[in-house]
Each structure stands twice: as C-alpha cells, then as structure tokens.
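Engineer:
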C-alpha cells in the first residue's frame, strides 16, 4: 500500500512538471508575440512622426518658394512700371 502511495506521488509530481512544460512554452510564445507587437507599434509610431515632420517641412518649403516667387514677380512688375519715359 505504501508503495502505491509513493508511485502515485511520483506520478503526480511528473504530471505537475509535465503540465508546466506544456503550458510554459505557450505563455512564452504569447510573451514573445506581445513583445514583437509592442515593438512594431513603437516603430510604426516613430515612422508616423517622421512622416508628419517631413510633410510639415515640405509644406514650409513650398510656402517659402511660393513667397519668393511672388516677391520676384512683384519686383519685375515694379521694375516695368518704373520704366524711363522718353
């Protein structure tokens, strides 16, 4: 009878370890997937911020070039209006 109890205890201990071996890889895989998803989200946010920054820079550049072009046209018109009269 004592031998049966020892075998039963041994089997229960092996089952506990066996269940940990089956469960832990699943939780480790979930943790890895979560870590990868978090890293991808961070990189996506960083890329979106870079894109927004570049879009803002390009808008400012276009505005500056338009202002420069308008100033150049205004200077030409002013030069033509002040042509010497003979």
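In our numbering, the protein residues as written are 477 to 562. A virtual CB, placed ideally from N, CA and C, is assigned to each residue, including glycine. All values derive from a computational prediction rather than experimental measurement.
Would you identify the three-state DSSP class for residue 477, choosing helix, strand or coil?
Structural biologist: DSSP places residue 477 in coil when its eight states are reduced to three.
Engineer: Under 6 Å Cβ to Cβ from residue 543, same chain only, skipping five residues before and after it: list those, please.
Structural biologist: Hits under 6 Å: none found.
Engineer: What separation, rounded to the nearest whole angstrom, lies between the Cα atoms of residue 534 and residue 547?
Structural biologist: Cα to Cα, the separation comes out at about 20 Å.
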